[in-house]
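A short worksheet on the structure shown next.
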Amino acid sequence: MNFFKPALLALALVASNSAFGHAVVTHNSLKLKPVPVNLASDVELSFNSKVELDLSEVFLVSAGDKMQTITATPGEKPGQVLLHLPALEPGEYAIKLKIFAADGHLSEDLLRFFVKQAK
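Using mature numbering (1 follows the signal peptide of the UniProt record, and there is no 0), the letters of the sequence shown map in sequence onto residues -23 to -1, 1 to 96.
Spelled out as structure tokens, the structure:
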């Protein structure tokens, strides 16, 4: 029985270390502010760590799995990123992220959103 305690502790440490260093989205403005129809706009993302935008890739995914690169710039705070979206027609979209944390860990995420006409 005493053998299992150190083994469980070692397993827990290995599992927890794999989560450290990954850039995880902790906030995105898509939840608070809808993307306007036919107007260029910005989306604000916050990550739990600093990110290396020069090594990262961000794509806009539209109907038919069409992907186009979108520009990402650093925000005012560490871990804050602004994504610059082109004018979008009504429809379903996603932002595909391949983000490098400052320590070199790669994280991937997909943020889905809708562009809707105002009623």
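Here a beta-carbon is modelled for each residue, glycine too, at the ideal position from N, C-alpha and C.
Here the structure is a predicted model, which means the values were calculated and not measured.
Residue state for Lys96 is assigned as coil, using DSSP reduced to three classes.
Ile76: member of the beta strand (DSSP E) spanning 68 to 78, first to last residue. The straight-line gap separating the alpha-carbon atoms of Gly68 and Asn5 is approximately 19 Å. Ser26 sits in coil when the DSSP states are folded into three classes, being neither helix nor strand. Counting only the Cα atoms, Gln94 lies some 26 Å from Ala49. Rounded to the nearest whole angstrom, the C-alpha separation of Val12 and Ser18 is 7 Å. Less than 9 Å divides the Cβ of His(-2) from the Cβ of Ser26.
If you compare the alpha carbons of Ala64, Leu37, Leu30 with that of Val14, the shortest gap goes to Ala64. Taken through DSSP and simplified to helix, strand or coil, Lys43 comes out as strand.
Following the DSSP letters along the chain, one finds Leu9 in no beta strand (DSSP E), marked with neither H nor E.
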